[in-house]
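Undergrad: As numbered in UniProt numbering, residues 1 to 426 make up the sequence shown, in order.
Beta carbons are placed, not taken as given, at the ideal position from N, Cα and C, and that holds for glycine.
Just passing along the structure, written as structure tokens.
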Amino acid sequence: MPVMAQDMFRDSQLPGARLAPLPLGGTHQVTSGSAFNPDISIIVDTVYFNEISGHVDDPAGFEAGHDHGHGGHDHGHDLDEGFNLREIELAFSASVDNYFDAFVMLALDEHDIEVEEAYATTRNLPAGLQIKAGKFLSDIGYINSQHPHDWAFVDRPLVNEFLFGDHGLQETGVQLTWMPNTPFYSRFGIELLQGETEGIAAYEGREDGFPFKDESGPRLVTGFAKFAPDLGFDHAAQFGLSYGYARAFQRGETHSSGRQESWDGDSWFAGVDAVYKYDAGRSHGAGDWVLQGEYFYRAIDADYRESAGATPTSATTRQDGLYLQATHGIAPRWQVGARAEALGLTNDNALGGFRDAQGQRIGFDSFGTSYRYAGNVTFRPTEFSMLRAQVNRADFATEDDDHDGDGWSFMLQFQMALGVHGAHEF
């Protein structure tokens, strides 16, 4: 494999690669145990947000599976008008012993502390195998496994946020990956996950008044494959396939009148992703190109009950989305980016309503496509700081089949990193 691609893919496979490479051999010195001397990194992410014109709510048909506690301003991880301390990432990585490496990332904001990831990975399994166990971001797709400081834009793509949730597909479970010995990079993986992600594997269990059953985990199984052809020294690309099946999708709503609606069934998703990188060989990224895109399709098949004890009606949800983005180094340390997104090219949502036996519409179950466009400029004075200005143009479909959910927004982002901060993923 050429040097450029080889280095990129090698870095992406290191446990805790978002911080620093860890030793892979079982004979290396252990950095945990009684000494407890892990690599530590702190990343501070601040964003100034302003709605220039219009007020943008959730895209029509995608309210389900999105955390409404995020205020409905712009979909940039709970941004309020004005200045935001979006989060502080506190990460630890170390070798536990000769057999395991460990990675922990905590996300702190002004109100909460959340465990983003906490997992162990094996170091010396044979035949290119590796096991990861704990809480982690799934390796489906491309951007799902990345934290905000890895993104090329201020906000997460709509398809990842609204199909899987505010944090993407983030679960507790176990992952098995295999890297066969081939002339080109290839990696295959399967994940057994608890199944609690709202967008694809919502789970409530036995609740008062709802006809749900307790289902033991794991309830969600995912699989992925990644391939990278040999493109020479200056070029690198990766192509991916993803699939997942949740054997339990449960959602219940209690209205102010006391009426309880419920959906009980299963779900699946499939996706493709691709990334291309060109290294111009100039200093600090000048002349470099990165092209990136993903498409995901989600299907939910559930029995719907409009009230407790009612006869169930089949309710089917089919939704998808994609994004395409490009970034280019226009000068040393300066980068420009453009992104186009479409959410709900297929947008049949039975979670918010359906047609009765006479074909009359109850609520809305079929919606239009929502679009969003973004452009940004990024300046990196050093590898430890970053300043980014971004403009978003949202053209969201609304429940009345119109496109009056549009508006412009501006974001100014500043990030700084303290401590060890090694190579990012490919």
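Return the first residue and the last residue of the alpha helix (DSSP H) that phenylalanine 164 is part of.
TA: What you label residue 164 is simply residue 164 of the sequence shown in a count that begins at 1. It spans 158-164 - the alpha helix (DSSP H) in which phenylalanine 164 sits, taken as one unbroken run.
Undergrad: What do you reckon, are the CB atoms on alanine 246 and phenylalanine 184 nearer than 9 Å?
TA: The sequence position of residue 246 within the sequence shown is 246, counting from 1. The sequence position of residue 184 within the sequence shown is 184, counting from 1. Against a cut-off of 9 Å, the Cβ pair of phenylalanine 184 and alanine 246 comes out as no contact.
Undergrad: Where does serine 267 land, buried or exposed, given buried means 16+ other C-beta within 10 angstroms?
TA: Mapped onto the sequence shown, residue 267 falls at position 267. Under this definition serine 267 is a buried residue.
Undergrad: Is arginine 298 closer than 9 Å to aspartate 320 when the C-beta atoms are compared?
TA: Taking the first residue of the sequence shown as 1, we reach residue 320 at position 320. Taking the first residue of the sequence shown as 1, we reach residue 298 at position 298. Going by C-beta atoms, aspartate 320 is nearer than 9 Å to arginine 298.
Undergrad: Ignore the nearest five residues each way along the sequence and tell me which others in threonine 327's own chain have a CB closer than 6 Å to its CB.
TA: Locating residue 327 in the sequence shown gives position 327, counting from the first residue. These residues qualify, in order along the chain: Ala152, Val290, Gln335, Gly337.
Undergrad: Can you give me the C-alpha to C-alpha distance between glycine 199 and arginine 372, rounded to a whole angstrom?
TA: Taking the sequence shown and counting its residues from 1, the one referred to as residue 199 is at position 199. Taking the sequence shown and counting its residues from 1, the one referred to as residue 372 is at position 372. Their backbone Cα atoms lie some 20 Å apart in a straight line.
Undergrad: Among residues of its own chain, excluding the 5 on either side of residue 433, which ones have a beta-carbon nearer than 6 Å to its beta-carbon?
TA: Outside the displayed range of the chain (1 to 426) lies residue 433, so it cannot be described from this structure.
Undergrad: Within this structure, are the beta carbons of asparagine 144 and glycine 168 separated by less than 9 Å?
TA: Walking along the sequence shown from the start, residue 144 turns up at place 144. Walking along the sequence shown from the start, residue 168 turns up at place 168. Yes.
Undergrad: So glycine 61 packs on asparagine 347, CB below 8 Å; how close in whole Å?
TA: For this step, residue 61 is matched to residue 61 along the sequence shown. For this step, residue 347 is matched to residue 347 along the sequence shown. Indeed they touch by this definition, with Cβ atoms about 5 Å apart.
Undergrad: Please report the straight-line C-alpha distance between arginine 393 and tryptophan 263, rounded to a whole angstrom.
TA: In the sequence shown, residue 393 corresponds to position 393, counting from 1. In the sequence shown, residue 263 corresponds to position 263, counting from 1. Between arginine 393 and tryptophan 263, the C-alpha separation is close to 34 Å.
Undergrad: Is the closest heavy atom of the ligand SAM to the C-beta of proline 180 under 8 Å?
TA: The ligand SAM is not part of this structure, which contains no ligands at all.
Undergrad: Give every residue of the same chain whose Cβ lies closer than 6 Å to the Cβ of proline 15, excluding the five residues on either side of it in the sequence, and list them in chain order.
TA: In the sequence shown, counting from the first residue as 1, residue 15 sits at position 15. Reliability of the predicted coordinates at proline 15 is poor, the pLDDT of 41 falling under 50, and the value obtained from them is presented with this limitation in mind. Excluding residues within five positions, the ones whose Cβ falls inside 6 Å are Leu22, Asp101, Phe103, Thr121.
Undergrad: What is the DSSP secondary structure of isoleucine 140, counted as helix, strand or coil?
TA: Against the sequence shown, residue 140 aligns to sequence position 140. Of the three classes helix, strand and coil, the one that applies to isoleucine 140 here is coil, per DSSP.
Undergrad: Name the residue from Met386, Leu343, Ser409 whose alpha carbon lies nearest to the alpha carbon of alanine 397.
TA: Counting from 1 along the sequence shown, the entry for residue 397 is found at position 397. Per the Cα distances, Leu343.
Undergrad: Starting from glycine 195, follow the alpha helix (DSSP H) in both directions and report where the run begins and ends.
TA: To locate residue 195, count along the sequence shown from 1; it is residue 195. First-last for glycine 195: undefined, no H or E at that position.
Undergrad: Let me confirm a value: glycine 300 is counted as buried when at least 16 other C-beta atoms fall within 10 Å, else exposed. Which label applies?
TA: Position 300 of the sequence shown, counting from 1, holds the residue named residue 300. The question names glycine, yet the displayed sequence has isoleucine at residue 300. It is buried - the Cβ of isoleucine 300 has at least 16 other Cβ atoms within 10 Å.
Undergrad: Glycine 189: which of Lys226, Gly368, Asp303 sits nearest, CA to CA?
TA: The residue you call residue 189 lines up with position 189 of the sequence shown. Among Lys226, Gly368, Asp303, the Cα nearest to that of glycine 189 is on Lys226.
Undergrad: Does the beta-carbon of phenylalanine 233 have 16 or more other beta-carbons within 10 angstroms, so that it is buried, or is it exposed?
TA: In the sequence shown, the residue the question calls residue 233 occupies position 233. Phenylalanine 233 comes out exposed.
Undergrad: Look at the Cβ atom of leucine 351, then the Cβ atom of arginine 259, and state whether they are nearer than 9 Å.
TA: Here residue 351 corresponds to residue number 351 of the sequence shown, with the count starting at 1. Here residue 259 corresponds to residue number 259 of the sequence shown, with the count starting at 1. No, the pair does not count as a contact, with Cβ atoms beyond the cut-off.
Undergrad: Quick check on this structure: which residue in Tyr48, Asp58, Val96 has the alpha carbon closest to the alpha carbon of proline 85?
TA: Position 85 of the sequence shown, counted from the start, is the residue given in the question as residue 85. Contrary to the premise, residue 85 reads as leucine rather than proline in this sequence. It is Tyr48 whose Cα lies nearest to the Cα of leucine 85.
Undergrad: Can you look up aspartate 112 in the DSSP assignment and give me helix, strand or coil?
TA: The residue labelled residue 112 in the question sits at position 112 within the sequence shown. Aspartate 112: coil per DSSP, three-state reduction.
Undergrad: When you compare the CB positions of glycine 287 and serine 53, do they come within less than 9 Å of one another, or not?
TA: Mapped onto the sequence shown, residue 287 falls at position 287. Mapped onto the sequence shown, residue 53 falls at position 53. Cβ atoms of glycine 287 and serine 53: not closer than 9 Å.
Undergrad: Helix, strand or coil: how does DSSP classify serine 409 here?
TA: The count along the sequence shown starts at 1 and reaches residue 409 at position 409. If DSSP states are grouped into helix, strand and coil, serine 409 belongs with the strands.
Undergrad: Is the distance from the Cβ of leucine 220 to the Cβ of glutamine 194 below 9 Å?
TA: One-based indexing of the sequence shown puts residue 220 at position 220. One-based indexing of the sequence shown puts residue 194 at position 194. Yes, these two residues count as a Cβ contact at 9 Å.
Undergrad: Could you check the C-alpha separation between valine 377 and phenylalanine 414 for me, to the nearest Å?
TA: In the sequence shown, the residue the question calls residue 377 occupies position 377. In the sequence shown, the residue the question calls residue 414 occupies position 414. About 12 Å.
Undergrad: Do you know offhand how far aspartate 39's Cα is from leucine 90's?
TA: Within the sequence shown, numbered from 1, the residue matching residue 39 stands at position 39. Within the sequence shown, numbered from 1, the residue matching residue 90 stands at position 90. Their backbone Cα atoms lie some 11 Å apart in a straight line.
Undergrad: For the candidate residues Val420, Glu87, Tyr323, Gly217, whose alpha-carbon lies nearest to that of valine 159?
TA: Indexing the sequence shown from 1 puts residue 159 at position 159. Among Val420, Glu87, Tyr323, Gly217, the Cα nearest to that of valine 159 is on Tyr323.
Undergrad: Would phenylalanine 92 and tyrosine 119 qualify as a contact pair, given that the criterion is a beta-carbon distance under 9 Å?
TA: The count along the sequence shown starts at 1 and reaches residue 92 at position 92. The count along the sequence shown starts at 1 and reaches residue 119 at position 119. Cβ atoms of phenylalanine 92 and tyrosine 119: not closer than 9 Å.
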